[in-house]
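*Asks:* In the working numbering, the protein residues as written are 48 to 139.
By construction, the Cβ of each residue, glycine as well, lies at the ideal position given by its N, Cα and C atoms.
This is the structure I want to talk about, given as structure tokens.
And the structure:
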């Protein structure tokens, strides 16, 4: 289960390209392409396997000036989707 104590890290098997404010991911076999917007790119940059999602949430609140409760639900949903697509590996 993904929660604020989880420490996601990037799956290095994917080819990743930053395109300004967006990031594009290509699966290892080249069969799938995923893209994320500016906020997704910001979150992606923070997923280092050492920072908890609580720390990521706090950084989002600081940079984007949003309340913790609002950003928390969106963050957990986003990371959950990234984990389902195997773009991140989540550890508790």
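(1) When you compare only the Cα positions, how much space is there between residue 83 and residue 52?
(2) Are there 16 or more other CB atoms within 10 angstroms of the CB of residue 119, so buried, or fewer, so exposed?
(3) Would the beta-carbon of residue 94 fall within 7 Å of that of residue 56?
(4) In angstroms with no decimal places, state the Cα-to-Cα distance between residue 59 and residue 74.
(5) Residue 94 by DSSP, collapsed to three states: which one?
*Replies:* Reading from the atomic positions:
(1) Numbered from its first residue, the chain shown carries residue 83 at position 36. Numbered from its first residue, the chain shown carries residue 52 at position 5. Their backbone Cα atoms lie some 23 Å apart in a straight line.
(2) Walking along the chain shown from the start, residue 119 turns up at place 72. Buried, since its Cβ has 16 or more Cβ neighbours within 10 Å.
(3) Within the chain shown, residue 94 is the residue found at index 47, counting from 1. Within the chain shown, residue 56 is the residue found at index 9, counting from 1. Yes. Within cutoff.
(4) For this step, residue 59 is matched to residue 12 along the chain shown. For this step, residue 74 is matched to residue 27 along the chain shown. Each residue's alpha carbon lies about 10 Å from the other.
(5) Start at 1 with the first residue of the chain shown, and residue 94 comes out as number 47. If DSSP states are grouped into helix, strand and coil, residue 94 belongs with coil.
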